[in-house]
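Numbering-wise (numbering that gives the first Met the number 0), the sequence shown opens with residue 0 and increments by one.
Every residue, glycine too, gets a C-beta built ideally from N, C-alpha and C.
Every value quoted in this text rests on a predicted model; they were computed, and no experiment measured them.
For reference, the structure discussed in these notes is given below.
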Amino acid sequence: MNKTIRRVSVFSLLLVFALLIRANWVQFYEGRALADDSDNRRNAIETYSEPLGNIIVAGKAITGSAATSGGDLRYKRTYTNGRLYAAVTGYASQAYAPTQLEGIYADLLNGTDTRLKTVMDTVTDQRADPGDVITTIDPDVQKAAYDALGDKKGAAVAIDPKTGKILAVVSTPSYDPSKLTDANTAGTAWKELNADSDKPLVNRALRQPLAPGSTFKLVVAAAALEDGLYSSVDEKTDSEDPYTLPGTRTVLKNENTSAPCENATIRVALQYSCNNVFAHMAVQLGQDKLKAMAEKFGFNDDSLDVPVRAYASVYPSDMDESSTALTGIGQFDVTATPLQMAMVSAAIANGGELVSPHMVAQVTDSGGDVLKDYDDDASTERILSASTAEQLQSAMQTVVEKGTGTNALIDGVTVGGKTGTAQNGENNSKAPYAWFTSYGKSDSSGKEVAVAVVVEQSDAARSEVSGNGLAAPVAKAMMEAALKN
């Protein structure tokens with residue numbers, strides 16, 4: 000064979016091999032990436048070619064699917080009481096990636112979850128009938144929180160302390176997820192929602208940690224009792240009033256200047272929310288012991304899934320003593336979500352045991368058969384001794400019965416709580432956050448609930464912003480709804 004022809008033949012053969020290798024690479028390696036690409040419209044066409052599965056609250060679907068009038072997307076998502084449940088469901092949109100439960104369980108809800116496939120589905124390569132998501136949400140508690148928050152900017156969470164079931168997740172102002180479902184109209188709604196300074200798309204209940212203020216004093220009190228710094232909530236503390244932050248000339252005053260806060264017991268200090276007591280207590284314990292206790296309650300956990308990933312609540316490190324003192328009153332760089340502060344009250348109410356919080360009970364196939372039971376998988380961890388929990392319950396009851404939390408009193412219910420008013424902005428230049436965390440136990444049925452509420456902003460005058468004035472009434476409404484016979 001001619002030498003030149005041989006070289007051309009070899010080169011041509013190499014080109015053929017290169018094309019075969021590239022074709023196989025695209026088909027077997029890049030094919031999945033191309034199929035999953037968000038810009039691949041085939042995915043949306045496939046997802047919305049049939050009705051989606053549903054998200055269920057108390058046996059009723061709060062989602063649905065409706066036939067579209069034209070185009071290649073045959074169905075779109077619909078919502079019942081969308082604003083009420085937006086912090087739970089999120090949205091499933093023809094134009095944008097799904098969020099919240101819609102996003103986490105997208106494969107289950109659109110029928111592509113491999114657990115849904117029957118033998119025939121596998122043989123025919125057909126999409127399976129979609130499954131459903133059964134939530135732990137109590138519609139009465141959810142509505143009570145939403146109605147009580149009203150036009151305030153804030154959030155609320157309710158948990159069953161014994162089971163970890165999340166009974167309510169509310170974030171206000173809310174939004175109507177139905178406005179984002181249709182690709183033809185979603186763009187305008189998306190721009191409006193993202194331009195809104197109140198940030199309605201942010202899930203404040205799970206994903207916006209704020210300074211918890213005096214509600215964090217429960218964590219400090221728990222650390223002091225567990226460490227043995229004080230033997231009981233009725234032992235006098237070593238607490239000068241007013242208290243000068245270590246290494247500074249800054250005097251930390253109490254909101255109520257006439258309160259008996261000098262050397263007050265933990266019970267009295269919680270009752271009157273004495274800053275001097277808990278700031279000094281934080282310094283006495285030291286940041287390492289406080290951090291350890293905070294982490295037992297769930298702080299600094301960046302992998303908390305309920306199953307929506309909750310933002311980590313933070314107890315900081317590497318502080319001087321003056322900063323450590325400020326963490327004792329829930330300031331400096333301490334932050335917490337309403338979920339986290341509900342977990343604090345839940346663990347105290349449950350005798351010192353923290354059950355992992357979750358807002359999905361089960362996921363099922365189209366026939367109702369359970370694919371996964373999250374109630375059975377809930378873990379329980381003892382984080383406080385039963386004695387410490389009992390003492391803190393008693394002190395929290397004092398707060399509600401004759402302290403700063405009287406607006407949470409409920410006839411026939413034993414209520415314990417803690418108020419908080421956290422500074423906001425440089426030099427406290429913005430309206431403070433109003434917090435309330437509590438638990439309630441029905442005297443007749445024995446049912447229990449733990450809640451946390453934060454109000455970021457309301458129409459109240461700055462002087463009227465307080466945990467008892469703004470947040471406690473919301474908590475009361477939620478507890479009443481949860482504990483009704």
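Where residue i sits in the DSSP three-state scheme
i: ALA258; result: coil
i: VAL343; result: helix
i: SER177; result: helix
i: LEU391; result: helix
i: ILE165; result: strand
i: GLY110; result: coil
i: TYR74; result: strand
i: THR397; result: helix
i: TYR145; result: helix
i: ASP332; result: coil
i: SER437; result: strand
i: TYR432; result: strand
i: THR88; result: helix
i: ARG126; result: coil
Residue i classed as buried or exposed, judged by whether at least 16 other C-beta atoms fall within 10 angstroms
i: ASP181; result: buried
i: SER196; result: exposed
i: GLN330; result: buried
i: ASN255; result: exposed
i: ARG266; result: buried
i: ALA194; result: exposed
i: SER444; result: exposed
i: PHE16; result: exposed
i: PRO97; result: buried
i: GLU12; result: Note that residue 12 is Leu in the sequence shown, not Glu. The residue in question, LEU12, is exposed, as its Cβ has fewer than 16 Cβ neighbours within 10 Å.
i: ALA65; result: exposed
i: VAL485; result: Lying before the first or after the last residue shown, residue 485 is absent from the chain, which here runs from 0 to 484.
i: ASP385; result: The displayed chain sequence assigns Ala, not Asp, to residue 385. Per the 10 Å Cβ criterion, exposed.
i: TYR78; result: buried
i: LEU33; result: The predicted position of LEU33 is uncertain, since its pLDDT is 43 and thus under 50; a value taken from the coordinates is nonetheless stated next. Answer is exposed; the Cβ neighbour count stays below 16.
i: ASP213; result: Reading off the sequence shown, one finds Ser at residue 213, where the question assumed Asp. By the neighbour-count rule (16 or more Cβ atoms within 10 Å), SER213 is buried.
i: LEU14; result: exposed
i: ASP150; result: exposed
i: LYS190; result: exposed
Check whether residue i and residue j have beta carbons under 8 Å apart
i: GLU101; j: THR117; result: no
i: ALA154; j: ALA204; result: yes
i: GLN283; j: LEU244; result: no
i: GLY58; j: PRO129; result: no
i: TYR314; j: ALA293; result: yes
i: GLU352; j: ALA360; result: no
i: ILE165; j: THR135; result: yes
i: ARG76; j: LEU370; result: no
i: SER437; j: GLY415; result: yes
i: GLY466; j: THR397; result: no
i: GLN141; j: THR336; result: no
i: ALA388; j: VAL232; result: no
i: SER238; j: ASN253; result: no
7 Å Cβ shell around residue i - same chain, five flanking residues per side excluded
i: PRO199; result: PRO172, SER173, TYR174, LEU192
i: TYR104; result: VAL132, VAL362
i: LYS288; result: ALA222, ASP226
i: VAL218; result: MET292, ALA293, PHE296, VAL343
i: SER322; result: PHE331
Through-space distance from residue j to residue i, alpha-carbon basis
i: LEU209; j: ASN406; result: 23 Å
i: LYS161; j: ALA281; result: 30 Å
i: GLN422; j: ASN80; result: 34 Å
i: THR326; j: ALA278; result: 7 Å
i: GLY30; j: LEU18; result: Here GLY30 scores only 47 on pLDDT, less than 50, and its place in the model should not be relied on; the value that follows carries that caveat. When rounded, the distance between both Cα atoms is 16 Å.
i: ILE4; j: ILE20; result: 24 Å
i: ASP108; j: ASP137; result: According to the sequence provided, residue 108 is Leu. The question's Asp does not apply to it. C-alpha separation (whole angstroms): 21 Å.
i: PRO472; j: TYR432; result: 15 Å
i: VAL454; j: LEU72; result: 41 Å
i: CYS260; j: LYS417; result: 16 Å
i: LEU269; j: ASP300; result: 26 Å
i: ARG248; j: LEU224; result: 29 Å
i: TYR90; j: ARG308; result: 16 Å
i: ASP374; j: VAL354; result: 10 Å
i: LYS401; j: SER272; result: 12 Å
i: TRP434; j: ASP240; result: 24 Å
i: THR236; j: PHE298; result: 26 Å
i: LYS178; j: LEU83; result: 14 Å
i: VAL450; j: GLU479; result: 11 Å
i: ALA481; j: VAL448; result: 7 Å
Residue i CB to nearest heavy atom of the ligand NAD below 7 Å
i: SER230; result: Within the structure as shown, the ligand NAD is missing, as the structure has no ligands at all.
Other residues of its chain near residue i: CB distance less than 6 Å, five sequence neighbours each side excluded
i: ALA144; result: ALA155, ALA167, VAL169, MET477
i: LYS216; result: PHE277
i: MET318; result: GLN286
i: PRO176; result: TYR78, GLY81, ALA85, TYR90
Nonlocal neighbours in the same chain, by C-beta distance under 8 Å from residue i, ignoring five residues either side
i: ILE55; result: ILE61, ASP131, VAL132, ILE133, THR134
Residue-chain proximity (residue i, chain C), Cβ-Cβ < 8 Å
i: ALA385; result: Considering every chain present, this structure includes no chain C. It has just one protein chain.
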